[in-house]
Amino acid sequence: MAIEGSASETRERRIRLGMVGGGSGAFIGAVHRMAARLDDHYELVAGALSSSPEKAEQSARELGLDPARSYGSFKEMAIREAKLKNGIEAVAIVTPNHVHYEAAKEFLKRGIHVICDKPLTSTLGDARKLKKLADESDALFVLTHNYTGYPMVRQAREMIANGDLGTIRLVQMEYPQDWLTEDIESSGQKQAAWRTDPSKSGAGGSTGDIGTHAYNLGCFVSGLELEELSADLDSFVPGRKLDDNAHVLMRFKEKDGARAKGMLWCSQVAPGHENGLKVRVYGTKGGLEWVQADPNYLWYTPFGEPKRLITRNGAGAGAAAGRVSRIPSGHPEGYLEGFANIYSEAARAIYAKRNGAAVDPAVVYPTVDDGLKGMLFVDACVQSSKKNGAWIKV
């Protein structure tokens, strides 16, 4: 296990990290900070923590940041930090979707690595522009599709790549929640308010917020690329402007002489579900099932044989899972550890950049390309649903 370093690894100086958004009361900002701290690769030294200068200043005080490095805007932060001798090397962008593009642009053009929350942007046009900027920049762009950091997700990906399931035929993805079953956005609930506002969230509601996670996970594990889809989007809560439920049929591009099919269900109005992310993949030789609620378990069924349980760091777990595990089998690792794995993978890539070295091929993290694919998925879902479920090329 190389997650925290070993005798064979040289301890690198911590990466100086800044943060845009994530001030007082912001759920995902706190998660990013915990993930960045877990393996001790980063030091938070600067922030533009809120669009409100007063709240930004208060949040910086709570986090113990130097007042001189608390900024009223992300542009001010990017300009000044780029000029400082010990300015930030990377920035975490943890704002609502509509801020991602402009914020990332300011840092990328100054050579500062970007670690951005998903989805990539609020519009497909901004996503295309951001990909161009990221491709032209010498800085890295990391997208925090955090579920790809779970060890048993890496195990599933490795097994499929090794041919353990044979030729892939079916990919089933789902991510149901229930927290938007009622119109809580009208009560001023902050997280609901921006997620159901097209000007902040973009064209997708549940599709953008959690559907992109399920879609990304299915593609990450299976190694398949989407070719076309047919979607049925609903806004079940009266007056809600964005979808809160989606059913999507998928046809993947040909691979190994076959075209796999897929189904995705995402919902934020499914009572009884909290964060019910699940992926199942079936091929000619067997099937796999992973459920986020039991993330240390992967069920593997070779065709015609009993189901087998593979556990994190247990018998049958391979190198891909082992390199992102921290503790012995039987001790649960979960959401924060999986999220931290994305930050640690990003750190390895940043260290390589810092030292002018090649990135270890084993290092895997979501990129701007994955972000653009997510935005193309959302756009195609919206187009298809408007056309009564017509098949749309992605």
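Its first residue numbered 1, the sequence shown is counted upward by one per residue in full-length UniProt numbering. Beta carbons are placed, not taken as given, at the ideal position from N, Cα and C, and that holds for glycine.
- By the Cβ rule, the region 175-184 does not count as touching the region 295-302, because fewer than three pairs are nearer than 8 Å.
- Straight through space, the alpha carbons of residue 14 and residue 40 are spaced by roughly 7 Å.
- Annotation: residue 322 to residue 266 spans about 30 Å, alpha carbon to alpha carbon.
- Between residue 137 and residue 111, the beta carbon gap of about 7 Å places them in contact (Cβ cut-off 8 Å).
- The region 148-163 makes no contact with the region 233-250, as fewer than three CB pairs between them are under 8 Å.
- Sequence-distant partners of residue 131 (beyond 5 residues in either direction) whose C-beta falls short of 6 Å from its own C-beta, in its chain, are 368 and 372.
- For residue 179, same chain residues with a beta-carbon under 7 Å away, outside a window of 5 residues either side, are 268 in chain order.
- In the structure shown, residue 278 falls within a strand segment according to DSSP collapsed to helix, strand and coil.
- Along the region 26-58, the alpha helix (DSSP H) occurs as fully enclosed runs of 4 or more residues at 27-38, listed in sequence order.
- Residue pairing by DSSP places residue 290 opposite 279 in a beta bridge.
- One alpha carbon belongs to residue 237, the other to residue 193, and they sit about 14 Å apart.
- Using a C-beta cut-off of 8 Å, the region 70-87 makes no contact with the region 325-338, since fewer than three inter-stretch Cβ pairs fall below that distance.
- If the five residues before and after residue 166 are omitted, its C-beta is found closer than 6 Å to the C-beta atoms of 283, 284 and 285, all from its own chain and listed in chain order.
- For the region 125-177, the full-length alpha helix (DSSP H) segments reaching 4 residues or more read 151-161 along the chain.
- Two segments are said to touch when three or more pairs of C-beta atoms, one from each, lie closer than 8 Å; by this definition the region 258-265 touches the region 168-179.
- Looking at the backbone, the Cα of residue 387 and that of residue 370 are separated by about 26 Å.
- With a cutoff of 8 Å on beta-carbon distance, residue 38 and residue 19 are scored as not near each other.
- Annotation for residue 146: 338, 339 and 342 place their beta carbon closer than 7 Å to its own, counting only its chain and skipping 5 residues before and after.
- Counting other Cβ atoms within 10 Å of its Cβ, residue 241 stays below 16 and is therefore classed as exposed.
- Following the DSSP letters along the chain, one finds residue 342 inside the alpha helix (DSSP H) bounded by residues 335-354.
- Closest by C-alpha distance to residue 94, out of 115, 108, 106 and 107, is 115.
- Contact annotation: residue 365 and residue 142 have beta-carbon atoms nearer than 8 Å.
- For residue 199, there is no enclosing beta strand (DSSP E); the enclosing alpha helix (DSSP H) covers residues 198-201.
- Residue 68 has its alpha-carbon roughly 43 Å from the corresponding atom of residue 219.
- In this structure residue 293 does not touch residue 176 by the C-beta definition: roughly 11 Å separates them, more than the 8 Å allowed.
- As the crow flies, the alpha-carbon of residue 196 is around 15 Å from that of residue 121.
- DSSP places residue 300 inside the beta strand (DSSP E), whose first and last residues are 297-302.
- For residue 70, the beta-bridge partners assigned by DSSP are 47.
- The shortest CA-to-CA distance from residue 235 to any of 228, 210, 205 and 255 is the one to 205.
- For residue 102, the enclosing alpha helix (DSSP H) has its first and last residue at 97-108.
- Residue 290 and residue 251 have their C-alpha atoms spaced approximately 21 Å apart.
- Pairing residue 60 with residue 72, the inter-Cα distance amounts to about 11 Å.
- Of 191, 355, 125 and 210, the smallest CA-CA separation from residue 273 is found for 210.
- With 16 or more neighbouring CB atoms inside 10 Å of its own CB, residue 208 falls in the buried class.
- For residue 393, the secondary structure class from DSSP, reduced to helix, strand or coil, is strand.
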